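*Asks:* Here it is: the structure, laid out below.
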Amino acid sequence: MLLGNNHVEGWHNKLHKSFQCEHPTLEFLEKLKTEESSFQLDLAAVNAGQEAKIQQKRYADHNKRLINLIKYPHSNTEQQIAAIAHSFYL
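Each number in the numbering used here comes from the position in the sequence shown (counting from 1) with 186 added on.
Pasting the structure below:
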């Protein structure tokens, strides 16, 4: 279960930096092919039993807090919402 989109934002940031321009055109397809190859290599490595890339500690901790809030919700809905909102500001 994914709680957040940091992995997507990280991938988007990596892709954006590889272009080094604001509005790519044909170069986009070449970079996309390169990214697809990189993804396929990562996927093959995981399927071969290699450990997946390790998530940064701060994101792992954040995800654990959110999972705990979902598993053990507050009895008061307002407190639950406030606790979830607070977890995004940590």
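Even glycine gets a Cβ: it sits at the ideal position worked out from N, Cα and C. As the structure is a computational prediction, the values presented were derived from the model and not from experiment.
Return helix, strand or coil for residue 271, following the three-state DSSP convention.
*Replies:* On the sequence shown, residue 271 is found 85 positions in, with the first residue counted as 1. If DSSP states are grouped into helix, strand and coil, residue 271 belongs with the helices.
*Asks:* Just the C-alpha distance for residue 224 and residue 211, rounded to the nearest angstrom, thanks.
*Replies:* The count along the sequence shown starts at 1 and reaches residue 224 at position 38. The count along the sequence shown starts at 1 and reaches residue 211 at position 25. Going by the C-alpha atoms only, they are around 21 Å apart.
*Asks:* Rounded to whole angstroms, what's the CA-CA distance from residue 219 to residue 201? Just pull it up for me.
*Replies:* Residue mapping note: residue 219 aligns to position 33 of the sequence shown, counting from 1. Residue mapping note: residue 201 aligns to position 15 of the sequence shown, counting from 1. Those two C-alpha atoms are separated by around 11 Å.
*Asks:* How many Å lie between residue 253 and residue 227 at the Cα?
*Replies:* Locating residue 253 in the sequence shown gives position 67, counting from the first residue. Locating residue 227 in the sequence shown gives position 41, counting from the first residue. In a straight line, the C-alpha of residue 253 is about 30 Å away from that of residue 227.
*Asks:* What is the residue span of the alpha helix (DSSP H) that residue 211 lies within?
*Replies:* Sequence index remark: in the sequence shown, residue 211 carries index 25 (1-based). Careful: residue 211 lies outside any alpha helix (DSSP H) and carries neither H nor E.
*Asks:* Check residue 234 in the structure and name its three-state DSSP category.
*Replies:* Counting from one through the sequence shown, the residue named residue 234 turns up at place 48. It is coil, neither helix nor strand.
*Asks:* Just how far apart, CA to CA, sit residue 256 and residue 266?
*Replies:* In the sequence shown, counting from the first residue as 1, residue 256 sits at position 70. In the sequence shown, counting from the first residue as 1, residue 266 sits at position 80. Whole-angstrom Cα-Cα distance: 9 Å.
*Asks:* Measure the alpha-carbon distance for residue 244 versus residue 263 and round it to whole angstroms.
*Replies:* Here the question's residue 244 lines up with position 58 in the sequence shown. Here the question's residue 263 lines up with position 77 in the sequence shown. Their Cα atoms are separated by approximately 26 Å.
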